[in-house]
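Here is the structure we will look at, set down as structure tokens.
2 protein chains.
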Amino acid sequence: MKGIRQLAEHLDISIGTVSRALNGKPDVNEETRRRVLAAAEEFGYVANQSGRSLRQGETKVIGLMIESSQEAVENADNFFLGVTSGLQHVFARHKLDLLMLPCPADEDPCEYLKRMVARRVVDAMIISNTQRVDRRVDLLSRAKIPFAAVGRSLSAGNFPWVDLDFEGVAERAVERLVARGHRRIAITAPSSEVNLGYVFVESYRRTIERHGIPFDPSLVIRVKSSEQGGYQAAHELLQLGHRPTAVILIYELMAIGLYRRLMEAGIRIGRDLAVIGFRDAPRARFLQPSLSCFRMSLYDLGIALGQTLLANMPAYRAFYPDGGRNIVWPLELAPGQSDAFEVEAQA
Amino acid sequence: MKGIRQLAEHLDISIGTVSRALNGKPDVNEETRRRVLAAAEEFGYVANQSGRSLRQGETKVIGLMIESSQEAVENADNFFLGVTSGLQHVFARHKLDLLMLPCPADEDPCEYLKRMVARRVVDAMIISNTQRVDRRVDLLSRAKIPFAAVGRSLSAGNFPWVDLDFEGVAERAVERLVARGHRRIAITAPSSEVNLGYVFVESYRRTIERHGIPFDPSLVIRVKSSEQGGYQAAHELLQLGHRPTAVILIYELMAIGLYRRLMEAGIRIGRDLAVIGFRDAPRARFLQPSLSCFRMSLYDLGIALGQTLLANMPAYRAFYPDGGRNIVWPLELAPGQSDAFEVEAQA
DNA sequence: AATGTAGGCGGAAACGTTTTGGGATGTCAA
DNA sequence: TTGACATCCCAAAACGTTTCCGCCTACATT
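Residue numbers (this note's numbering), protein chains in the order written: chain A, 115 to 461; chain D, 115 to 461.
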């Protein structure tokens with residue numbers, strides 16, 4: 115079956131009527147509609163999407179860009195798959211489908227995005243892991259493609275995003291540790307070019323200073339947010355002259371590497387050193403001693419993300435009257451054994 | 115910028131020439147081409163893919179179907195992301211892009227697939243986790259959509275697939291355990307409707323019988339291939355009157371649940387019970403004692419999968435003259451501590 | 001009987017692109 | 001001067017669909 119034309123010829127009906135019958139339009143005889151649907155079923159006819167979306171100017175598909183580099187794969191854990199469920203729950207209501215666009219490791223994400231946007235196979239895009247200055251944000255803004263981001267950015271002024279409450283996490287982690295007597299608290303973070311890396315450390319700094327603890331740059335450990343980065347962070351921690359009594363991790367997966375290195379060095383986690391993690395990574399759930407960390411529901415995040423996007427698309431805005439606001443996602447502390455001790459005051 | 119027409123008008127050139135200039139066709143003046151490219155860049159023009167693929171009848175996109183149910187998310191670990199890298203490496207050579215199609219949890223995968231195929235947004239499909247009787251395979255075969263599968267199936271006779279060497283794994287696992295004196299060996303498997311569940315157990319049966327050990331159906335534990343399933347498998351193991359001395363897991367993630375349940379029961383893994391896992395799951399790498407398991411490179415699997423697919427697409431067949439054969443992927447044993455003991459012979 | 005109305009249908013335009021066939025111009029050789 | 005040929009470009013067709021507009025018929029109303 116080639117197309118609607120052959121179907122119409124076979125039925126001896128005009129193609130316009132066939133189209134209306136298939137799409138549930140009103141002005142078509144029920145008997146005719148029945149025949150059309152039966153014939154379509156019989157021949158396995160389905161409308162060609164290229165023709166359809168050419169005519170209609172929309173594809174009913176939302177794209178989710180992800181990175182498929184080896185490193186990203188190792189670290190992503192099931193972040194994207196988790197968010198996907200929430201997104202689809204929102205999109206299903208509008209009969210929208212979700213497509214994941216994996217950017218190859220060896221390609222510039224911006225070039226890739228440009229190509230995918232050019233394909234017009236999506237009506238809108240979702241990007242994540244935004245940088246403080248992010249060319250993708252500029253690109254999408256200029257191209258007037260509706261989009262939403264996971265993570266804020268300084269680029270392009272005002273755009274729809276959902277972000278995790280890094281500031282709150284750093285603040286609460288510090289508060290918790292300080293309340294237990296810690297005074298020397300290390301923190302890990304990615305490069306300050308990544309928005310997360312900047313905000314996280316700033317919040318940490320403000321909070322310790324509020325408690326009268328001077329900010330010590332040597333306690334800010336800039337490593338990759340990966341298992342390997344955790345290992346290295348522990349290594350650097352051990353090199354410090356005046357060793358901290360606690361460390362805050364920006365990514366839970368780091369805990370795996372960090373634990374390993376610390377165990378090698380004979381440090382007892384939860385006794386000699388307190389560890390607090392951040393963000394949910396299934397692999398890290400099996401650590402001993404159990405990790406105190408800030409958790410979140412990827413599903414719920416996906417829902418918020420989807421709503422934020424749709425609220426910024428003309429065709430769906432009406433459904434989400436107050437969904438246009440950007441959301442800072444709170445995280446919940448799941449206490450574990452890794453920071454379950456108090457430091458006695460020192461002279 | 116609306117389209118090629120406006121661009122042509124602005125340049126005072128016909129749209130045909132603009133198209134040829136942009137697509138690198140030969141018969142266009144280099145000066146003209148330069149002007150066109152400059153103008154396109156200036157206005158940010160990119161060809162509408164709907165129009166293009168309507169005309170050309172192809173999209174240069176390959177779809178990879180994945181399941182995004184909560185359960186699938188928990189279990190998939192980074193299987194898909196890993197395979198994706200390998201696929202893209204193959205596809206990049208032909209300027210093909212890869213799209214991941216996540217089937218919503220509450221939708222019939224076959225209906226979803228039908229919808230996505232109907233969209234014609236992909237030239238070919240890749241599916242995974244095929245059943246012994248798989249409607250998706252039938253659907254794709256009938257619709258004459260090129261496709262390849264991870265996992266064999268009895269449906270639709272001859273079609274392109276890549277599969278893991280379940281038989282070899284079960285056989286080698288049994289051999290290894292038998293060599294260490296084990297006579298009562300349990301095995302886990304999904305329902306025998308899943309091809310894997312059937313083949314895995316059959317191979318296990320053949321191998322133990324070859325060693326003169328009678329097949330005992332009560333040692334075949336049918337549970338889900340998940341952490342939860344592992345927990346339950348351990349539970350059932352403990353219920354058995356005559357307890358086995360070894361267990362073969364079909365999926366590494368199960369080991370996490372299994373370990374937990376066994377530890378609760380005070381069973382010493384690698385002393386009282388030998389455990390062998392199968393297939394790589396990053397989360398399971400951090401178990402204590404370390405798990406003996408069969409590993410594989412998801413990247414390499416992706417490459418084989420991509421080649422198998424292209425070898426079965428007319429437009430690319432020539433590039434892979436011997437790629438049309440189906441591949442049974444071997445796995446490599448990574449020895450750990452979980453089965454590092456011998457059973458002394460019993461009277 | 002004349003008019004109005006609704007249902008049902010066909011014809012044709014439009015979406016944006018690529019591609020084909022052919023036309024115009026210029027150059028070179030005979 | 002003519003013809004052959006190459007270069008460059010234009011016009012138009014085609015891809016498959018949806019949707020607008022208007023026509024026809026049947027029926028109800030006056």
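Ideal Cβ placement from N, Cα and C applies to all residues, glycine included. Since this is a predicted model, take the numbers as computed values, not measurements.
Asked	Found
Given a cut-off of 7 Å on the beta-carbon distance, is the pair Ala398(D) and Glu366(D) in contact?	yes
If we define contact as Cβ-Cβ less than 7 Å, is Leu121(D) a contact residue for chain A?	no
Any Cβ of chain A within less than 7 Å of the Cβ of Met427(D)?	no
Are the region 169–181 of chain A and the region 229–244 of chain A touching by the rule of at least three beta carbon pairs closer than 8 Å?	yes
In terms of residues, what are the limits of the alpha helix (DSSP H) holding Val292(A)?	Phe280 to Ala293
Return the residue from the list Ala347(D), Arg249(D) and Leu195(D) that minimises the CA-CA distance to Pro216(D).	Leu195(D)
As a quick exercise: from Ala429(D), Pro428(D) and Arg374(D), pick the residue whose alpha carbon is nearest that of Gln402(D).	Arg374(D)
For Arg182(A), which of helix, strand or coil comes out of DSSP?	At residue 182(A) the sequence reads Ser, which differs from the Arg that was named. In the structure shown, Ser182(A) sits in coil (DSSP, three-state: anything other than H, G, I, E or B).
Who does Glu446(D) pair with in a DSSP beta bridge?	Arg409(D)
If you draw a straight line from the C-alpha of Lys209(D) to the C-alpha of Trp443(D), how long is it?	26 Å
Throw me the rounded Cβ distance for the Ala360(A) and Asp453(A) pair, which I believe falls under 8 Å.	7 Å
Of all Cβ atoms in chain A, is any one closer than 7 Å to the Cβ of Asn137(D)?	no
Does the region 336–353 of chain D come within contact of the region 374–392 of chain D, defined as at least 3 CB pairs closer than 8 Å?	yes
Just the C-alpha distance for Ala284(D) and Phe400(D), rounded to the nearest angstrom, thanks.	23 Å
To the nearest whole angstrom, what separates the beta carbons of Leu303(A) and Gly311(A), a pair I think is in contact under 8 Å?	Here the sequence assigns Ala to residue 303(A), which means Leu is not the residue at that position. Right, the Cβ-Cβ distance comes to about 5 Å (below 8 Å), so this counts as a contact.
In chain A, which residues lie less than 9 Å from Phe400(D) when you measure between Cβ atoms?	Ile370, Tyr373, Arg374, Arg397, Ala398, Phe400 and Leu401
If you follow the alpha helix (DSSP H) that Thr321(D) is part of, which residue opens it and which one closes it?	Asn309 to Arg324
Between the Cα of Trp275(A) and those of Gln120(A), Arg119(A) and Asn426(A), spot the shortest distance and give me the residue it belongs to.	Asn426(A)
Three or more C-beta pairs under 8 Å: does that hold for the region 240–260 of chain A against the region 405–414 of chain A?	no
Which of the residues in the region 229–242 of chain D, read from start to end, lie with their CB under 8 Å from any CB of chain A?	Arg229, Met230, Val231, Ala232, Arg233, Arg234 and Val235
Which chain D residues are close to Ser164(A), counting only those with a beta carbon under 7 Å from its beta carbon?	Ser164, Ser167, Leu168 and Arg234
Since Ile370(D) is in the alpha helix (DSSP H), which residue starts that stretch and which ends it?	Met368 to Glu378
Which first and last residues belong to the beta strand (DSSP E) in which Met427(A) is found?	Element bounds for Met427(A): n/a, residue is neither H nor E.
Of the residues Asn440(A), Gly158(A), Leu363(A) and Leu136(A), which one's Cα is nearest the Cα of Leu253(D)?	Gly158(A)
Distance cutoff 7 Å, beta carbons only. Does Met410(D) sit that close to anything in chain A?	no
Are any of the Cβ atoms in chain D nearer than 7 Å to that of Gln202(A)?	yes
State the DSSP-derived secondary structure class of Arg393(D), mapped to helix, strand or coil.	coil
Tell me the residue span of the alpha helix (DSSP H) that contains Arg134(D).	Ile129 to Leu136
For the beta strand (DSSP E) holding Thr302(A), just list the boundary residues, first then last.	Ile299 to Ala303
Starting from the C-beta of Phe329(D), find all residues in its chain whose C-beta is less than 7 Å away, skip the five residues before and the five after it, and write them out in chain order.	Arg319, Ile322 and Glu323
Which bits of chain D does Thr198(A) rub up against, with CB to CB less than 7 Å?	Ser182 and Pro216
If we call anything under 7 Å between Cβ atoms a contact, is Leu212(D) one with Gly416(D)?	no
What residues in the region 254–265 of chain D have a beta carbon less than 8 Å from any beta carbon of chain A?	Arg256 and Ala257
Assuming His356(D) contacts Arg297(D) (C-beta within less than 8 Å), just tell me the rounded distance between them.	Actually they are not in contact, since the Cβ atoms of His356(D) and Arg297(D) sit about 10 Å apart, beyond 8 Å.
Taking the alpha helix (DSSP H) that Arg229(D) falls in, what are its first and last residues?	Pro223 to Arg233
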